[in-house]
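Note sheet for the following structure.
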Amino acid sequence: MSSFTPFQSIAATRRLLRSKEISPVELLEGLEQRIASLDSSIGAYIARDLETAKKEASTADLSKPLGGIPIGIKDAISVAGQPLQSASRILDGYTAPYDATAIARLRSAGAIPFGRMNMDEFAMGSSTENSAFNPTRNPWDLNRIPGGSSGGSAAAVASGTALATLGSDTGGSIRQPAALCGCVGLKPTYGRVSRYGLIAFASSLDQIGPLTSTVEDSGILLNAMAGKDPHDSTSLELPDEDFTAEIGRDLKGLRVGVPKEYFVDGMETGVRSSVDAAIQQLVSLGAEPVEISLPHTEYAVAVYYIIATAEASANLARFDGVRYGRRSPEPKDLLSLYEKTRAEGFGREVKRRIILGTYVLSSGYYDAYYLRAQKVRTLIRRDFDQAFTKVDAIVSPTSPETAFRLGEKTDDPLKMYLADIFTIATNLAGICGMSLPCGFSNRDGVDLPVGLQLLGRPFGESRLLRIGHAYEQSTDWHKRRPGQIS
Amino acid sequence: MSTDSPHHTIDVPYLARLARLEITLEEAEIFGLQLGRILDHVEQMNKLDISGIEPTAHAITVFDVIREDAVTESLPKKTILENSPHNANGLFVVPKVLD
């Protein structure tokens, strides 16, 4: 019998479980102890059910790829019998009646969904400050945000209170918190992982993906989750693929594109220097750098905040106080039941986006905003199509800055939106992307993690993981741990 | 936050009604300013010539997704109703709609 050691990868934990150095139940108990001692200062978990997880662990089949491995789940993803709220008051009291397809697949690979991870309400935000529960704090500096919207998922991995977690990425919600917390986050190609059971924010942009401590782990989780699902008509039928198959191969002959629009004035100095050094490192590993242009980058935030809010205003119409969650007490009629329930149940950012989405879809404005945005989306997508005729991957910073302080941007939504400038175009183009640790930037006297973003062509995850893994293994960034926690 | 008035103005109370969302006067005022500024930023899209460009609804386009027309099991009615704030006799209950 051995004690639990935090910060072990899935790959390493699997070996420990199979060699019986630790049992799945001991692993969960160790994790639970660490959560109990640390999470009150971080706030990554909204809820967790140790007893149910232990029952599942006691019968875990260790011969399966993820046998006995606990995975933390973002509160937007359905796990049968567990609470599901997308960190919103409007779903108070809701219990998921079924497993999301991604969860069902993780389970059949032997994994144990354990814990509900905090997030911005309905995944709307870049700081996890929009959670109706509590903000999550960055393990590297508890006065700072962990990024968002999958902030709980990232902070748990970074603080060693989870081996790995699931998040969802609509405009950077996996990659940006991974960057700000110093872990690995993978947004698969649109259609790679079924969205069935994910509470919809913007259906044409949303994808479920993993947050992990190593690049290899993200491939292991994608292997379990990917594939066509009859319950999601946008999921795609593709040949079976082992996403870790290219891991370990060198980078000779691969071309990495450096988009000039992603290296602009105003970026934090330490982010710029870390990413420049990372590109040099990729070159020293054999990759060939190619300067490329993605000329419509400057329009991405505008296009995103029209398309995403339009889709959100339609998706969130279902939360009406009739079928799920809370209802305003004593409404005088049906209309006031809707209006009051939604007023009481939604937070400010969600209301703001519903109103913007309603505006851009409303009569007289549809062509000027929504239709125009969809056309500019085509131009953004073409930029990437053209770039990928010349390069195997695109490299950039994940975020123009490291973690900012709690409250720093809460009263200026536009400033918050612009923090997503490097991640948003990926979702509009539907391509895959990942963030991985590439150094630290000293901000106000604190060393904070910097994320390197790698973008790949549609269905190019295997190539992306090969590049990410080669970089990761040639540096020590992924082995650094936050000093404020132990 | 910038104190300049945004160039765009939008009728927040009207939109809130369309969205079935009760808002306070304070929210109407703040949202009006904030959303006006966001629309000012969005304005830059108008610089682009988009004539002849097809709109993108989904980045990875798939057409005519069909499945076998087979009867499959759905969730039990009881499970669905259990999540509603008010139900009775196997139905969702809402305030009276017709007098």
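Each protein sequence line maps, in turn, to chains A and B. Just so we're aligned: the first sequence equals residues 1 to 486 in the numbering used here. Just so we're aligned: the second sequence equals residues 1001 to 1099 in the numbering used here. For each residue, glycine too, the CB sits at the ideal point set by N, CA and C.
Query                                                                                                                 : Result
Cβ pair GLY227/A, THR244/A closer than 7 Å                                                                            : no
Straight-line Cα distance separating LEU1098/B from THR398/A                                                          : 55 Å
Chain B residues whose Cβ lies nearer than 9 Å to that of VAL322/A                                                    : SER1084, PRO1085, HIS1086, PHE1092, VAL1093, VAL1094
Contact check, THR170/A vs ALA100/A, beta carbons under 7 Å                                                           : no
Neighbour-count burial assignment, LYS375/A, 16 or more Cβ in a 10 Å radius                                           : buried
Inter-residue Cα distance where the pair is ARG348/A and ARG327/A                                                     : 18 Å
Chain A within 7 Å of HIS1008/B, Cβ atoms only                                                                        : no
Extent of the continuous beta strand (DSSP E) run through TYR45/A                                                     : 45–47
Residues bridged to GLN176/A [DSSP beta-bridge criterion]                                                             : Note: GLN176/A sits in no beta bridge, so no partner.
Counterpart residues of ALA202/A in DSSP-defined beta bridges                                                         : Note: ALA202/A sits in no beta bridge, so no partner.
The alpha helix (DSSP H) enclosing LYS498/A, as first and last residue numbers                                        : Since the first and last residues shown for chain A are 1 and 486, residue 498/A lies out of range.
For GLY325/A and PRO1085/B, believed in contact at Cβ under 8 Å, the rounded distance                                 : 7 Å
7 Å Cβ cutoff met for ASP392/A and LEU186/A                                                                           : no
Classification of TYR366/A by the beta-carbon crowding that lies within 10 angstroms, buried from 16 upward           : exposed
Per-residue contacts from SER274/A into chain B (C-beta, under 9 Å)                                                   : Going along chain B, no residue has its Cβ under 9 Å from SER274/A, so there is no contact; the nearest lies around 28 Å.
Assigned exposure category for PRO329/A - 16 Cβ within 10 Å defines buried                                            : exposed
Partner residues on chain A for LEU1048/B, Cβ-Cβ distance less than 9 Å                                               : HIS296, TYR299, ARG372, LYS375, VAL376, LEU379
Proximal residues of chain B, C-beta to C-beta of ALA100/A below 8 Å                                                  : The premise fails here: ALA100/A is roughly 14 Å from chain B at the closest Cβ pair, so nothing lies under 8 Å.
At least three beta-carbon pairs within less than 8 Å, the region 259–267 of chain A to the region 281–300 of chain A : yes
LEU180/A to VAL215/A span [Cα, whole Å]                                                                               : 16 Å
Per-residue DSSP class, three states only, for LEU166/A                                                               : strand
As assigned by DSSP and simplified to three states, the class of CYS183/A                                             : coil
Within 7 Å, strictly: CB atoms of LEU222/A and ALA178/A                                                               : no
Residues of the region 168–193 of chain A whose Cβ lies closer than 8 Å to any Cβ of chain B, in chain order          : THR189, TYR190, GLY191
Residues near ARG192/A in its chain [Cβ-Cβ closer than 6 Å; skip 5 each side]                                         : ALA226
DSSP three-state assignment for GLN82/A, whether helix, strand or coil                                                : coil
GLU291/A: first and last residue of the uninterrupted beta strand (DSSP E) it sits in                                 : 288–292
Cβ-based contacts, 8 Å cut-off: residues of the region 326–341 of chain A near chain B                                : ARG326, ARG327, PRO331, LYS332, ASP333, LEU334, LEU335, SER336, LEU337, TYR338, GLU339, LYS340
For ARG255/A: DSSP bridge partner residues                                                                            : GLU288/A
Limits of the unbroken beta strand (DSSP E) element including ASN427/A                                                : ASN427/A -> not in any beta strand (DSSP E); alpha helix (DSSP H) instead, spanning 424–429.
Environment of ASP1064/B [buried if 16+ CB atoms lie within 10 Å]                                                     : exposed
As assigned by DSSP and simplified to three states, the class of GLY115/A                                             : strand
Short-range partners of chain A found in the region 1029–1046 of chain B, where Cβ spacing is below 9 Å               : ILE1030, PHE1031, GLN1034, LEU1035, ARG1037, ILE1038, LEU1039, ASP1040, HIS1041, VAL1042, GLU1043, GLN1044, MET1045, ASN1046
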